[in-house]
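A.B. asks: Chains as they are written, first to last, in the numbering used here: chain A, 104 to 603; chain B, 1136 to 1304.
(1) Nearest-angstrom Cα distance between residue 386 of chain A and residue 1236 of chain B?
(2) Please report the Cβ distance between residue 207 of chain A and residue 580 of chain A, rounded to the nearest whole angstrom; I am assuming they are in contact, meaning their Cβ atoms lie under 8 Å.
(3) Looking at chain B, which residues of the segment 510-539 of chain A have a Cβ within less than 8 Å of any of its Cβ atoms?
(4) Ordered along the chain, which non-local residues of its own chain (more than five positions away) have a Cβ less than 8 Å from that of residue 1193 of chain B?
(5) Just verifying my parser: in three-state terms, what is the DSSP assignment at residue 500 of chain A?
(6) So with CB distances below 7 Å, who are the chain B contacts of residue 158 of chain A?
(7) Using the rule of at least 16 other Cβ atoms within 10 Å of the residue's Cβ for burial, across every protein chain shown, is residue 501 of chain A buried or exposed?
(8) Alpha carbon to alpha carbon, what distance is there between residue 487 of chain A and residue 410 of chain A?
(9) Compute the Euclidean distance between the alpha carbons of residue 630 of chain A and residue 547 of chain A, then round it to the nearest angstrom.
(10) In whole angstroms, what is the alpha-carbon distance linking residue 214 of chain A and residue 576 of chain A?
(11) Closer than 8 Å by beta-carbon distance: list the chain B residues that pair up with residue 200 of chain A, in chain order.
(12) Taking only beta-carbon atoms, is residue 1166 of chain B less than 7 Å away from chain A?
(13) Tell me the rounded alpha-carbon separation between residue 1238 of chain B and residue 1180 of chain B.
(14) Give a yes or no on whether the C-beta atoms belonging to residue 1205 of chain B and residue 1247 of chain B are separated by under 7 Å.
(15) Cβ closer than 9 Å: which chain A residues qualify as neighbours of residue 1228 of chain B?
(16) If contact means a Cβ-Cβ distance below 8 Å, which residues of the segment 1234-1245 of chain B contact chain A?
(17) Counting only Cβ-Cβ distances shorter than 7 Å, please list the residues of the segment 460-488 of chain A near chain B, keeping chain order.
(18) Along the segment 429-444 of chain A, where does the CB come closer than 7 Å to a CB of chain B? Name the residues.
(19) For residue 415 of chain A, name the three-state secondary structure that DSSP assigns.
(20) Cα separation between residue 353 of chain A and residue 1220 of chain B?
(21) Can you find a C-beta in chain A that's less than 7 Å from the C-beta of residue 1160 of chain B?
(22) Please give the ranges of any beta strand (DSSP E) in the segment 504-568 of chain A, keeping only runs that are unbroken, at least 3 residues long and fully inside the region.
(23) By Cβ distance, which residues of its chain are closer than 6 Å to residue 277 of chain A, with the 5 residues on each side in sequence left out?
(24) Considering only their Cβ atoms, is the gap separating residue 224 of chain A from residue 589 of chain A smaller than 7 Å?
(25) Using 8 Å as the Cβ pair cut-off and three pairs as the minimum, do the segment 109-125 of chain A and the segment 143-161 of chain A touch?
(26) Listed from N- to C-terminal order along the chain, which residues in the segment 399-426 of chain A have their beta-carbon within a distance smaller than 7 Å of any beta-carbon of chain B?
(27) Starting from the N-terminal side, write out each stretch of the beta strand (DSSP E) that is 3 residues or longer and does not extend beyond the segment 278-331 of chain A.
(28) I'd like to know if residue 1253 of chain B contacts chain A, where contact means its C-beta is closer than 7 Å to some C-beta of that chain.
(29) Rounded C-beta distance between residue 382 of chain A and residue 479 of chain A? I'm assuming under 8 Å.
(30) Quick check on residue 586 of chain A - is its C-beta less than 7 Å from some C-beta in chain B?
(31) Using the beta-carbon count (16 or more within 10 Å), is residue 1208 of chain B buried or exposed?
(32) At a Cβ threshold of 7 Å, is residue 1205 of chain B touching chain A?
(33) Indicate whether residue 150 of chain A and residue 188 of chain A have their beta-carbon atoms separated by less than 7 Å.
(34) Using alpha carbons as the reference points, say which of A/460, A/495, A/472 lies closest to residue 247 of chain A.
(35) Determine, for residue 308 of chain A, whether the minimum Cβ-Cβ distance to residues of chain B falls below 7 Å.
(36) Does any C-beta atom of chain A lie closer than 7 Å to the C-beta of residue 1269 of chain B?
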């Protein structure tokens, strides 16, 4: 399709910018307006791939990520992984559908937002996306070893609720589900919205909003993706309501670039990311964690006391190599035991502070985030806990990034306090990742400390809403997918109820 | 050797200078080794370099410029410590130089090294030929990619190195 030079003007009633967990849910809730003659458009910066596109290969999966996986905090210390496609990050997550702890909602103190109300939404959404605890035949060796290790230590082991249907246990959830079993936004909300008449415009980069308008550029569709029906080129949307759902980076970036008068000083601020490590143990027997469903158990033993969760996980050779400290022959020999790797994901729930914020750098949203001392201590404590789980599960070696030694042996277990600690936690040397950026456009009552009101409506801008992870005033503690959907549903229902 | 060993992918980022530095670095990050009578190849091969070149060719210009400068700094700073550029050093000197960068007091230097190391891991462990050595059977579903050249980078077998290395500067 040839590129246009003239500006394409699209008039609609609702423009939703972003199609991940938040934007997809907003499209699903607002879709009935189409039957009343209203036009709803979803514009997403990413391409529209179907699950037929996914190939289970790491190198080919990078085009599903923002900057091909190359997004970092401004100090370069933490790698932020986010999906960049129709369906957003739900295209590359594992289907984890955690319910936010009630104390988080109490801490938010959003007027009218009660845990009781959210609980009903969680139940309804979970049913719609087939979220359930997986049966025993889904528990692969890596998960079984985790449960054995955690239970041997006397720690609680919970089952993760996962939203899959007809899952074939191929084991490549994080590279996109090749069979469409994962009931994320790409498979559930987007098809529902399209069926109801909602128009999807992929590859559409929105630069700014203002006065019921949005401006941007429609880029060419990459091969193997569903193109927009419009030719590439500049685009201007006019809409009665604009919903921002481009995640912490995208939504905060659009609002910062828009320079709307009277915007809250909280814009871009209070970002939390769940700094995380993937750590490995080496078992004497073959584990083959890359086979079967990667994630079925978690442990909350230190959630209240030290602010982290331990979850099962598994990753493919390149990502595994990246998370293991060191290089040279020693690292290469460790990788030769890849089939015997046992893997644990550590998630720290970091504190929301105003200075951890999205800023613009040459017009591009960048996260200016300094990991706090308490998060480093938490992650070190979590590494010691993971080591104990590995040894309790029968591993004879453990690979922890903040350790004095690349490889810890079983005989090192009594010295974990001495061997793993903040003095070995060297930023920009060890790999830290985040897949859960939250905040930047936090909800609240006071425009001095929040960007939107209790319905996600931007303070002072009745036509402008936010329906994504950027709303969250502080960390959800757990994977935020379900919370984002519930808030997006709540905000979208408010739009429907107040539609004139 | 003739043309048969020249890479079929024209390098965009890896000039002869940068290719030499990257090859030298890759050969220490993932060196060739032997165990139980078997030789395990290192990452200092053109097929891995082709993956690095491709990965960098899609990055923003300012990021690529920074990487070019960092690579030059990495190579030439060897003159300060060992009186020779990194790629001219002995294996022992190279390892010492790498450790200097990995544990540098400046976060930006550590970050630069982390980036180079990660690229070497990507270039090596995303190749099919390596997977049997680590017991990874690869994808369960055989599905084509819309860009056959990207798939070819992963599936092409190792070949002997040509001389001289690299394309145009």
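Ideal placement from N, C-alpha and C gives every residue a C-beta, glycine not left out.
C.D. replies: Straight from the coordinates:
(1) Within the first chain, residue 386 of chain A is the residue found at index 283, counting from 1. Within the second chain, residue 1236 of chain B is the residue found at index 101, counting from 1. Rounded to the nearest angstrom, the two C-alpha atoms are 32 Å apart.
(2) The residue you call residue 207 of chain A lines up with position 104 of the first chain. The residue you call residue 580 of chain A lines up with position 477 of the first chain. Indeed they touch by this definition, with Cβ atoms about 6 Å apart.
(3) 529, 530, 531, 532, 534
(4) The residue labelled residue 1193 of chain B in the question sits at position 58 within the second chain. Correct list: empty, nothing qualifies.
(5) For the purposes of this step, residue 500 of chain A is taken as residue 397 along the first chain, with counting starting at 1. Residue 500 of chain A: strand per DSSP, three-state reduction.
(6) Along the first chain, read from residue 1 onward, the residue named residue 158 of chain A stands at position 55. Those within 7 Å of residue 158 of chain A in chain B are 1274, 1278, 1280.
(7) Position 398 of the first chain, counted from the start, is the residue given in the question as residue 501 of chain A. By the 10 Å Cβ count, residue 501 of chain A comes out buried.
(8) Locating residue 410 of chain A in the first chain gives position 307, where the first residue counts as 1. Locating residue 487 of chain A in the first chain gives position 384, where the first residue counts as 1. Taking the straight line from one Cα to the other gives about 14 Å.
(9) This structure gives no information on residue 630 of chain A, because the portion of chain A shown stretches from 104 to 603.
(10) Along the first chain, read from residue 1 onward, the residue named residue 214 of chain A stands at position 111. Along the first chain, read from residue 1 onward, the residue named residue 576 of chain A stands at position 473. Answer to the nearest angstrom: the Cα atoms are 13 Å apart.
(11) The residue you call residue 200 of chain A lines up with position 97 of the first chain. Simply none; closest approach about 24 Å.
(12) Locating residue 1166 of chain B in the second chain gives position 31, where the first residue counts as 1. Yes, residue 1166 of chain B lies at the interface with chain A (some Cβ there is under 7 Å from its Cβ).
(13) The residue given as residue 1238 of chain B occupies position 103 in the second chain. The residue given as residue 1180 of chain B occupies position 45 in the second chain. So the alpha carbons of these two residues sit roughly 27 Å apart.
(14) Against the second chain, residue 1205 of chain B aligns to sequence position 70. Against the second chain, residue 1247 of chain B aligns to sequence position 112. Yes, Cβ-Cβ distance for residue 1205 of chain B and residue 1247 of chain B is below 7 Å.
(15) Walking along the second chain from the start, residue 1228 of chain B turns up at place 93. Ordered by position in chain A, no residue passes the 9 Å Cβ test against residue 1228 of chain B, which lies about 14 Å from the chain.
(16) 1237, 1238, 1242, 1243, 1245
(17) none
(18) 430, 431, 432, 435, 438, 439, 441, 442
(19) For this step, residue 415 of chain A is matched to residue 312 along the first chain. Strand, per DSSP.
(20) As a working mapping, residue 353 of chain A is identified with position 250 in the first chain. As a working mapping, residue 1220 of chain B is identified with position 85 in the second chain. Whole-angstrom Cα-Cα distance: 43 Å.
(21) As a first step, residue 1160 of chain B is located in the second chain; it is residue number 25 there, counting from the start. For residue 1160 of chain B, the answer is no, since every Cβ of chain A falls outside 7 Å of its Cβ.
(22) 535-537
(23) Position 174 of the first chain holds residue 277 of chain A. Result list for residue 277 of chain A: 195, in chain order.
(24) Residue 589 of chain A sits at position 486 when you count from the first residue of the first chain. Residue 224 of chain A sits at position 121 when you count from the first residue of the first chain. Taking 7 Å as the Cβ cut-off, residue 589 of chain A and residue 224 of chain A qualify as a contacting pair.
(25) yes
(26) 420, 421, 424, 425
(27) 302-304, 307-313, 316-321
(28) As a position in the second chain, residue 1253 of chain B is number 118, starting the count at 1. Residue 1253 of chain B counts as touching chain A.
(29) Against the first chain, residue 382 of chain A aligns to sequence position 279. Against the first chain, residue 479 of chain A aligns to sequence position 376. No, residue 382 of chain A and residue 479 of chain A are not in contact; Cβ-Cβ is about 15 Å, not under 8 Å.
(30) Position 483 of the first chain, counting from 1, holds the residue named residue 586 of chain A. It does not: the Cβ of residue 586 of chain A has no partner Cβ on chain B nearer than 7 Å.
(31) Position 73 of the second chain holds residue 1208 of chain B. With fewer than 16 other Cβ atoms within 10 Å, it is exposed.
(32) Position 70 of the second chain, counted from the start, is the residue given in the question as residue 1205 of chain B. Not an interface residue.
(33) Numbered from 1 along the first chain, position 47 holds the residue referred to as residue 150 of chain A. Numbered from 1 along the first chain, position 85 holds the residue referred to as residue 188 of chain A. Their beta carbons are under 7 Å apart, which means residue 150 of chain A touches residue 188 of chain A by this criterion.
(34) Within the first chain, numbered from 1, the residue matching residue 247 of chain A stands at position 144. Residue 247 of chain A has its Cα closest to that of A/495, out of A/460, A/495, A/472.
(35) Taking the first chain and counting its residues from 1, one reaches residue 308 of chain A at position 205. No, residue 308 of chain A lies away from the interface with chain B (no Cβ there is under 7 Å from its Cβ).
(36) If you number the second chain from 1, residue 1269 of chain B lands on position 134. Residue 1269 of chain B counts as touching chain A.
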